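Colleague:
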Amino acid sequence: MPELPEVESLAGFLRERAVGRTVLAVDVVAIQALKTFDPPVSALGGLTVTGVSRHGKFLDLDCDGLHLVIHLARAGWLRWRDDLSGARPVRPGKGPLAARVRLAPDEEGLAPGFELTEAGTQKRLALYVVRDPAEVPGVASLGPDPLAETFTADALKRIVGGNRTQIKGLLRDQKVIAGIGNAYSDEVLHAARMSPFKIASTLTDAQIADLHEAIVQTLREAVERARGLAAKDLKAEKKSGLRVHNRAGQPCDVCGDTIREVSFADSSLQYCPTCQTGGKPLADRRLSRLLK
Ligand SMILES: [Zn+2]
1 MPELPEVESL
11 AGFLRERAVG
21 RTVLAVDVVA
31 IQALKTFDPP
41 VSALGGLTVT
51 GVSRHGKFLD
61 LDCDGLHLVI
71 HLARAGWLRW
81 RDDLSGARPV
91 RPGKGPLAAR
101 VRLAPDEEGL
111 APGFELTEAG
121 TQKRLALYVV
131 RDPAEVPGVA
141 SLGPDPLAET
151 FTADALKRIV
161 GGNRTQIKGL
171 LRDQKVIAGI
181 GNAYSDEVLH
191 AARMSPFKIA
201 STLTDAQIAD
211 LHEAIVQTLR
221 EAVERARGLA
231 AKDLKAEKKS
241 GLRVHNRAGQ
251 PCDVCGDTIR
261 EVSFADSSLQ
271 YCPTCQTGGK
281 PLADRRLSRL
291 LK
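Per the UniProt record's numbering, the sequence shown starts with residue 1, numbered consecutively.
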């Protein structure tokens, strides 16, 4: 799933290639992906892409003040195409193609653009055509962006204070902090040497400062690694940069202990017992509930 660093990189990638170009058309193939109807998606045709930005994990294409907002969800991806002029029209069906954004041809006659795809059967990729990005409910409810200057250790202290949820869940909650998902919350907690099950409100000031540093540094490093990469190379880069996420059974880079996995919410999390939980493996709550 693309998280803040990947979406930030995709925004930069699109900014370089699409800004200044005219939108020929946006073809929505997966009808259920389009969450808005007014203005219609056809209103984007003929407008110029004037900016590309990111809100949390949302991509925002500003087209002369009309916004195409994209959420790639868990299995969505963006594929740049140097020339879509020969692309065949696609009928709605079961394929991975959700939408195609076609841009006007350049002097050489190439009509570039990009395709949004979504693997698997659970279709969650979402598209919105709005006059203001804040009209998208998921954007309006976003918590602070962890890369913003205003996201200080004090700001984090206000967030965790009185919050009785487990820190892993809190980091993933888009309404609390924007842009962090399952992968980077594992990475942040490993960097902060903190148990994912720790209750947010029990953090000391020193632990909040460590967590703040881990959040900012982990995301900044990932953004830096992803910067300038082509969209097609981003997934491999994300995978190679992860230290605990999806690495259960492999040795921890820091201490050599074996990285473990435990179920959490709708998926699973990975962590290093020596670095994060005083050497003790976490109990799998889902499993223990079943055994009761
Ligand atoms: Zn370790």
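No residue lacks a Cβ here, since even glycine has one placed at the ideal position from N, Cα and C. In this text the structure is predicted, and so the values were computed from the model without any measurement.
Would you mind giving the Cβ-Cβ distance between L10 and L78, rounded to the nearest angstrom? I have them listed as a contact below 8 Å.
Modeller: If you number the sequence shown from 1, residue 10 lands on position 10. If you number the sequence shown from 1, residue 78 lands on position 78. Going by Cβ atoms, the distance from L10 to L78 rounds to 6 Å, so yes, they are a contact pair.
Colleague: Using the Cα positions of T48 and P39, report the straight-line distance between them to the nearest angstrom.
Modeller: As a first step, residue 48 must be located in the sequence shown, where it is residue number 48. As a first step, residue 39 must be located in the sequence shown, where it is residue number 39. When rounded, the distance between both Cα atoms is 16 Å.
Colleague: Report the residue from V7, S42, A33 and S201 whose alpha carbon sits nearest the alpha carbon of L24.
Modeller: The count along the sequence shown starts at 1 and reaches residue 24 at position 24. Answer by Cα proximity: S42.
Colleague: Give me the pocket residues for ligand 1, defined as CB within less than 6 Å of any heavy atom, sorted by chain position.
Modeller: Cβ atoms closer than 6 Å to ligand 1 belong to C252, V254, C255, D257, C272, T274 and C275.
Colleague: Check H71 in the structure and name its three-state DSSP category.
Modeller: Numbered from 1 along the sequence shown, position 71 holds the residue referred to as residue 71. In this structure, H71 counts as strand in the three-state DSSP scheme.
Colleague: Can you tell me where the beta strand (DSSP E) holding L24 begins and where it ends?
Modeller: Against the sequence shown, residue 24 aligns to sequence position 24. Segment V23 to V28, the beta strand (DSSP E) holding L24.
Colleague: With a threshold of 6 Å on Cβ separation, who are the neighbours of I101 within its own chain once the five nearest residues in sequence on each side are excluded?
Modeller: Numbered from its first residue, the sequence shown carries residue 101 at position 101. The question names Ile, yet the displayed sequence has Val at residue 101. Same-chain partners within the cutoff: V26, G113 and F114.
Colleague: Do A191 and Q217 have their beta-carbon atoms positioned less than 8 Å apart in this structure?
Modeller: On the sequence shown, position 217 is the one that residue 217 refers to. On the sequence shown, position 191 is the one that residue 191 refers to. Result yes, Cβ atoms of Q217 and A191 sit closer than 8 Å.
Colleague: Among A73, V19 and G179, which one has its Cα closest to the Cα of D62?
Modeller: Against the sequence shown, residue 62 aligns to sequence position 62. When each option's Cα is compared against that of D62, the closest is V19.
Colleague: Among G143, A231 and E149, whose alpha-carbon lies nearest the alpha-carbon of I180?
Modeller: Here residue 180 refers to the residue found at position 180 of the sequence shown. Checking every option, the nearest Cα to that of I180 belongs to G143.
Colleague: Please name the residue, chosen from A226, T202, H245 and R243, that lies closest to E237 on a Cα-to-Cα basis.
Modeller: Walking along the sequence shown from the start, residue 237 turns up at place 237. If we check each option's Cα against that of E237, A226 comes out closest.
Colleague: Whose CA, out of I167, A155 and A73, lies closest to the CA of L147?
Modeller: Within the sequence shown, residue 147 is the residue found at index 147, counting from 1. Nearest of I167, A155 and A73 to L147, Cα basis: A155.
Colleague: At the level of alpha carbons, what is the spacing between E8 and V223?
Modeller: Position 8 of the sequence shown, counted from the start, is the residue given in the question as residue 8. Position 223 of the sequence shown, counted from the start, is the residue given in the question as residue 223. Between E8 and V223, the C-alpha separation is close to 7 Å.
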